[in-house]
Structures are given as C-alpha cells and as structure tokens.
Amino acid sequence: MSRILTYREALREGLDEELARDSNVVLMGEEVAQYNGAYKVTQGLWEKWGDKRVVDTPISEAGFIGMGIGASMLGVRPVMELMFWSFHSVAFDQLVSNAACVRYMSGGLCNCPIVVRGPANGGSGVGATHSHLPEGLFAAFPGLKVCVPATPADAKGLIKAAIRDNDPVYFMENTLLYGNTGEVPDPEDGDFVIPLGLADLKREGTDVSLIAHGRSVIQSLAAAEILQNEHGINAEVLDLRSIRPLDVDAILKTVKKTNRVVLVDESKPFGGVSAMVAMLIQEHAFDDLDAPIKRVCSIDAPAIYSPHIENEQLPNPARIVAKVLSLR
Amino acid sequence: MTSASSSKLDFISSPINQALTPERKVELYTQMVRIRKFEQSALKYYNAGKMGGFLHLYIGQEAVAVGTISLGGADDHFITAYRDHGHALAVGMGMNECMAEMFGKQTGCSKGKGGSMHFFAPDKNFWGGHGIVAGQTPLGLGLAYGLKYLGKEGCCLCYLGDGAVNQGAFHESLNIASLFGIPVVYVIENNGYSMGTSQERSSAFNGCLAQRAEAYAIEWDVVDGSDLYEVRAKTHIAMERARKQHKPTVLEIDTYRYYGHSVADANNKKYRTPEEIENYKQNHDPISVFQRRLLEEGVLTEDLVKSIGKAATNEAAASAKFADESPAPTIADISTDVYWETDHQTAASKVGHHFFND
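So the sequences go chain by chain: A and B. Per this note's numbering, residue 87 is the first one in the first sequence, and the count goes up by one each step. Per this note's numbering, residue 35 is the first one in the second sequence, and the count goes up by one each step.
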C-alpha cells in the first residue's frame, strides 16, 4: 500500500529509517535539531533520537562539513544539512579537495561515506547568492556522486541509498518541492531504496523526449500536458534522478524512441548537466536524431531577485513548450 | 545583554557627544524613528505578499547603525550583512529606492535584482548588503586595505552578527587585519541569536565574543547598543585608532531584535521567552532610551516626538506607494548588469561570446 506523503515527509521518513537501521548515522547542520530544521525536513528527529544522533552546528560550513568528512573516514555516517546548497562555496575546499580526493590520494586506503543534503534551487525570491544550482559543478569532480530527486518517493528512496553508499553523495533538494505530495510505498511492504544511477521514465511518449532533473521534471510534465492537449504532441519525460552515476542507457533509449530531444535544466547553460547529456547523445545516438538537441536552461545571468520576473528566468512550461514547437 | 545599572558611565560627557548640537541630536533620533517606521511598513507589505524571499528586520537594533554611521566622514566606509535596511537609511539612502528594491521593481536601489539583503550605495560609501554569513568580513578588510593603499585617512566599519563570528573567513580577516595594520573596525551586532540558536549554543567564548580579538593582538570593547551615546563614544575611539594608527578593532555591541532571524522564522517566540522580548522593549529599546534622554535634556518635546513619528510613518507609506506603482523589470533586464564590458558595449565586449542563451 502506498501512502500520500509530502516530499519533506518522505525525506524525513528516509532519514528516520536510516537512523534506526545504523547507529553510526548522525544528522548534523544548522538548526537541524532543536529548531526542527529551517525547512522542517528534520522535524521531530532530535526529540526522537536525541543529542548524539541529531546535532545543531554553529554557522561554520567549512568547519562542520570538514568535520563530517573526517568523521566519515573513521566509519561514522554523517548526513550533513546545508541550509541552502548555495552555502557550499563557504565549504568548497572540504567538499571538493577533501571529500572527492581522499580516496584517490590514499590509493584507496580511505573512503568517505558522507551525505551532504539541502535545497538547491531558484524561484524562491532569495536572490543570486541563495539560488545556486551546483549539481553540474560537483558532478564534474570524479569521486563525488550527485542526485536530485523530483518526487517524494524518489526523495525517500534515494536518500536511503545515499546514506548507505560508501562514497560521498551530494543530495540536492528543492524548497519549492518540499510541500509537493506523491505516493510513497509503505515501510511495511519492505525496505524502499532506489539505487543511485537509475533514471525514471515519468511519462511515456512518442514524439519528443524531455530529459530533466529536479524541479525541471515537474515543469516538463506540465509542459507535456500542454503539448498533448493543445498541440497533439506526445512528449516523453525522462527524470535523470541521479546525475553521477548517470543512467546513460535510459537517455539513449528515449532518444532512439522519439528521435527528438529537449533538455530541461534549471542550471545556467554553460557546462553542467545538460551540456554533458547533449554530448553523450551526439556521441552515441547521432544517427537517431531527427533534429538538433535543444535546451531550456535558466537565462544566463545571476538569479534575479524580483518576484515579478524570477519565474521567467527559469525553465517553465511556457518556455519548454515554445522550445519543443521550435523543433518542428 | 549588558543590563543598564546605576553605576554605568554616562557617555554624554565624551567629547564626541559633547560636540553634538541639539539639531544633530534630533536628526539622529529622527533617523532611528525613520528606520523603524520603514521596517514596520516593509513588514506589512511583506505579509501582504508584495515581496519575495526573506525579510530580516533590524527593529530593536537601530542605535547601532545610526550611532556608528553618524561618526562617518568623507573617507569612512560601511559594509554589512543581510540585515541591512538600517545601515542603508542611516547612510542616507532613500526610503523609495529601498522599498522599491524589496518590491522587486526597476526603481529599486539594485533595480529589483538584489532584494532586501542586497542594498548598495557606493556613492554614500555603503558597499552592501551581503547574503552569506560572514561573507562581507573579508570585503570590509579589503575596503580598509584600499583606503590605506590610496592614502586616505579613513576606516571601514564592517558589521557582522554574533553568528558570523564562527566562520573561518572572519578569523582569517582578523589575522590579516592585525598583521597588515588595516584600518577596519569590526562591529559585532550581538542580538543574542544566531538564527534560532542562542549565543551559548553556537559560540565558545570567555566572557564575550569580542575577546577573541586578543588572540590576534587586536583591541576590543563591549558596547551597550541601547545607548546611542555609548555607541558613538566607543566607536569613535575605534575609528580614530583605525584612521590615525592603522589598527583594527573588534567592537561587540549588545543589542536585540524584536522579530525573528527573518520574518519566515516561525519559531522566534519558542527559542526566546516572551519575558525576554518584553524586557528589551520596555527597558532597552534604543529609540525609547534616546527619546527619554532628549526629553530630559530639553532637546525634544512631546510635540516634536509626535510630529517626527508621524512624518516617518507618512514617508514610509509614501515609499510603499511609490514601490507599488513602479514598473517591474523586464525579461531583457535579466541579462544586464552581468558584465561591465557588455553593459558598456566596449571593444572588449565584442570579442568572443559572453552569454550562452539559445
């Protein structure tokens, strides 16, 4: 039996189950314990698990993220919350030079089973410094894993896989998705874990493939409905879910089926996830393409604050529909 | 909180306060009232859905910005974090441009691009408005370095909250400030809470936060932020040390915010007791304290208090009307102000592609 949970509740349930499963799992971050989380993802967990398992940190991202990485080398399984993924830059050295490289630099003697999680998105009126999307950035560092769930079930299944993974996993949520609801399998029906590296076909179609991750999946699904109802175009929506490892087979399969591709990526156009996916498609499925690969990214500027125009900078159903129509 | 006691020094006797004319005192009082009315108006329109994102209110802390910035000369500069409305108005930015920025309008001080946390007025020596905790602390160091480099006899006042003292960037800045002899004054506005976490639960310290400066051989002091005279007297000493001797100072100004970390901070009455908030409002409110003081001195009258309050309320209401009626940015506006060269269509901007929209 499935239940309807919010994305926030599904994540919390995943964290709670992992806290129960493994006594080495510890949640840590700014306001995660006594305040119940800035976005209430960890609500009730401090009360349930106590000071040892759910820990408030000072506003010291470089310090506490680095501390988590060090502890993970000794076998602790820290799940660190960044209140915003945008604050990654304060801890960047720890996140890329330490977490990504320690296994390699030690010739495989050390590993780093840490999870760093928190929201990474635009569209919430908090301006450029709080609206960075670093999934493409971190996926560019071998040694790191990155996933970006779009639905409550994926959030739960992937956070559990991330915590069990023996490598550093950077887990990117979305403040605009926390309240979204969806079906999540009942824990009584078994342990629900979604392996990293598996994409998910969120909508089957025949005419064009929309390949997306995170909130762009939701926007693509909305665009697919408009395309179907107003233009008679049957779009397929592939949710990457995991950026690294990346489900290249699923990408090539949908391209070979529809022969037309629009990549929807809330990041900026230069480099990043959609640029990488475009490269893979042209390399491995060039002959299957009936049209050039197109993208809908955020308009190439720092995130504008103004609530009047913010949504226009991001991929939205209208921009996606227009891009698909331009393929014809 | 430093509690006011009967044995407390009276800082009206300090030379920098003796130099204040009655008109200037009324002006400083008026500035504090304007900041409060402006923010009360902002809160009203934030709650009405006219703004996006966060609103970090300064209400309760007004004497810090007004007292310190009142000491600024032509070559003194200011930079702060995201709780920036008070500093912006104190340096002389207008309510209209500030309110319009929060409404996300073209007429805002950052054209609607920055929002509440990112007010700037370089023409008034005000360098923002910064969103990342302690991210401004190396910038303040740099502004002060620039002043010394350019041979100006000025200093930079760099504000930070009590939560920011635990960021590495701040400690690195203190070390360089002391090592290089940089004319920077770090002003820790200690409102007791690092977001929803009390000072005791977020910082390790002996006695006070400013004392950490000793580790870097930097002078420090603790200031009662509810007393504008004390704020001015002690900050003046630090600024003179910076200007004349190129030596940094860390000031810890004890203050309080009546509202949460931001208006979105729904727990702000859970991690603090109602008694604590009420005590500050009743006994340590910087505007009430200064108002009482000026009434005693005969500088203010009850009538003047009323008219100043009314004028500030009207000014704030007018700024909200201005903001509401101003035009929103366009899609084309998203792509300007990214690069200086492309904005100015220079020769450099014609070589290679700067933007990658399809």
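For every residue, glycine included, the Cβ atom is placed at its ideal position computed from N, Cα and C. Treat the numbers as computed from the prediction; the structure is a model and nothing was measured.
In chain order, which alpha helix (DSSP H) runs of at least 4 residues are fully inside the region 74-118 of chain B?
Runs found: 96-103.
Leaving aside the five residues before and after Asn184 (chain A) along the sequence, list all residues of the same chain whose C-beta is less than 7 angstroms from its C-beta, in chain order.
Closer than 7 angstroms at Cβ, skipping near neighbours: Gly152 and Ile155.
For a minimum of 3 consecutive residues, which ranges assigned as the beta strand (DSSP E) are wholly contained in the region 185-255 of chain B?
Complete beta strand (DSSP E) runs here, min 3: 190-195 and 218-224.
Could you check what DSSP says for Asp325 (chain A) in three-state terms: helix, strand or coil?
The answer is strand: DSSP assigns Asp325 (chain A) an E or B state.
Using 8 angstroms as the threshold, is the C-beta distance between Ala272 (chain B) and Leu262 (chain B) below it?
No; because the gap between Cβ atoms is not below 8 angstroms, this pair is not in contact.
Taking the alpha helix (DSSP H) that Pro238 (chain A) belongs to, which residues open and close that run?
Segment Pro238 to Arg250, the alpha helix (DSSP H) holding Pro238 (chain A).
For a cutoff of 8 angstroms on Cβ pairs, would you count Val221 (chain B) as touching chain A?
No, because no Cβ of chain A sits closer than 8 angstroms to the Cβ of Val221 (chain B).
Under the three-state reduction of DSSP, which class applies to Leu366 (chain A): helix, strand or coil?
Helix.
Can you pull out the residues from the region 185-214 of chain B whose beta carbon lies closer than 8 angstroms to at least one beta carbon of chain A?
Hits within the stretch, in order: Gly197, Ala198, Asn200, Gln201, Gly202 and Ala203.
Considering just the uninterrupted stretch of the alpha helix (DSSP H) at Arg139 (chain A), what are its terminal residues?
That residue, Arg139 (chain A), is in no alpha helix (DSSP H); it is neither H nor E in DSSP.
Less than 8 angstroms between the C-beta atoms of Lys186 (chain B) and Asp288 (chain B), yes or no?
Not closer than 8 angstroms, so no.
Could you check which residue in B:Ala362, B:Lys139, B:Tyr220 and B:Gln379 has the C-alpha nearest to that of Val199 (chain B)?
Ranking the options by Cα distance to Val199 (chain B), first place goes to B:Tyr220.
Classify Ser88 (chain A) as helix, strand or coil using the three-state DSSP reduction.
Strand.
Give me the chain E residues within the contact set of Val297 (chain B), using Cβ-Cβ distance strictly less than 9 angstroms, ordered along the chain.
No chain E is part of this structure, whose protein chains are labelled A and B.
Quick check on DSSP: helix, strand or coil for Ser412 (chain A)?
The answer is helix: DSSP assigns Ser412 (chain A) an H, G or I state.
Counting pairs of beta carbons, one from the region 246-262 of chain A and one from the region 205-225 of chain A, are three or more of them closer than 8 angstroms?
Yes: at least three Cβ pairs fall under 8 angstroms.
Is there at least one Cβ from chain A nearer than 8 angstroms to Asn391 (chain B)'s Cβ?
With 8 angstroms as the cut-off, Asn391 (chain B) counts as an interface residue toward chain A.
Check distances from the C-beta atoms of the region 340-364 of chain A to those of chain B and list, in chain order, the residues that come in under 8 angstroms.
From the region 340-364 of chain A, only Lys354, Pro355 and Phe356 have a Cβ closer than 8 angstroms to chain B.
Let me know the secondary structure DSSP gives Tyr190 (chain A) once reduced to three states.
In the structure shown, Tyr190 (chain A) sits in a helix (DSSP, three-state: H, G or I).
What are the start and end residues of the alpha helix (DSSP H) that includes Leu181 (chain B)?
First-last of the alpha helix (DSSP H) with Leu181 (chain B): Gln170 to Tyr183.
For Val348 (chain A), I'd like the list of residues in its chain whose CB is within less than 6 angstroms of its CB, leaving aside the five on either flank, ordered along the chain.
The answer, listed in chain order, is Leu296, Lys380, Lys409 and Val410.
Using a C-beta to C-beta distance shorter than 9 angstroms, which residues of chain B count as neighbours of Gly211 (chain A)?
The contacting residues are Met85, Gly86, Gly87, Phe88, Gly138 and Gly149.
Name the residue from B:Ala178, B:Gln233 and B:Phe137 whose alpha carbon lies nearest to the alpha carbon of Gly215 (chain B).
Cα-wise, what sits closest to Gly215 (chain B) is B:Ala178.
Quick check: the Cα distance between Gly165 (chain B) and Pro235 (chain A), rounded to an integer number of angstroms?
Using only the alpha carbons, I get a separation of about 27 angstroms.
For chain B, find out if any of its Cβ atoms is closer than 8 angstroms to the Cβ of Glu70 (chain A); answer yes or no.
The structure shown does not extend to residue 70 (chain A), since chain A is modelled only from 87 through 414, so no value can be given for it.
Would you kindly work out how many angstroms separate the C-alpha atoms of Asp251 (chain A) and Gly123 (chain A), rounded to a whole number?
Cα to Cα, Asp251 (chain A) sits roughly 24 angstroms from Gly123 (chain A).
For the region 167-183 of chain A, which residues have a beta carbon sitting closer than 7 angstroms to at least one beta carbon of chain B?
The region 167-183 of chain A vs chain B, Cβ under 7 angstroms: Phe173 and Val176.
Taking just the CA atoms, how far does His121 (chain B) sit from Thr283 (chain B)?
When rounded, the distance between both Cα atoms is 19 angstroms.
Ordered along the chain, which non-local residues of its own chain (more than five positions away) have a Cβ less than 8 angstroms from that of Phe154 (chain B)?
Taken in chain order, the residues that qualify are Cys143, Ser144, Gly148, Phe160, Trp161, Gly162 and Gly163.
Ordered along the chain, which non-local residues of its own chain (more than five positions away) have a Cβ less than 6 angstroms from that of Ala321 (chain A)?
Around Ala321 (chain A): Gly291, Val294, Leu296, Ala310 and Leu313.
Tell me which same chain residues have a C-beta within less than 6 angstroms of the C-beta of Thr64 (chain B), skipping the five on either side of it?
Counting only Cβ-Cβ distances below 6 angstroms, and skipping sequence neighbours, we find Ile342.
Could you tell me whether the Cβ of Asn301 (chain B) comes closer than 8 angstroms to any Cβ of chain A?
True, the Cβ-Cβ gap to chain A drops below 8 angstroms.
List the residues of chain A whose Cβ lies closer than 8 angstroms to the Cβ of Pro363 (chain B), in chain order.
Result: Ile390, Ser392, His394 and Ile395.
Kindly list, in the order they appear in chain A, the residues whose Cβ is closer than 8 angstroms to that of Ile368 (chain B).
Those are Ile385, Ala387, Ile390, Ile395, Glu398 and Gln399, listed as they occur along chain A.
Residues of chain A with CB under 8 angstroms from Gly146 (chain B), in chain order?
In chain order: Ile390, Tyr391, Ser392, His394 and Ile395.
What does a CB cutoff of less than 7 angstroms around Phe227 (chain A) pick up in its chain, not counting 5 residues either side in sequence?
Once the five neighbours on either side are set aside, the close Cβ partners of Phe227 (chain A) are Val182 and Ala186.
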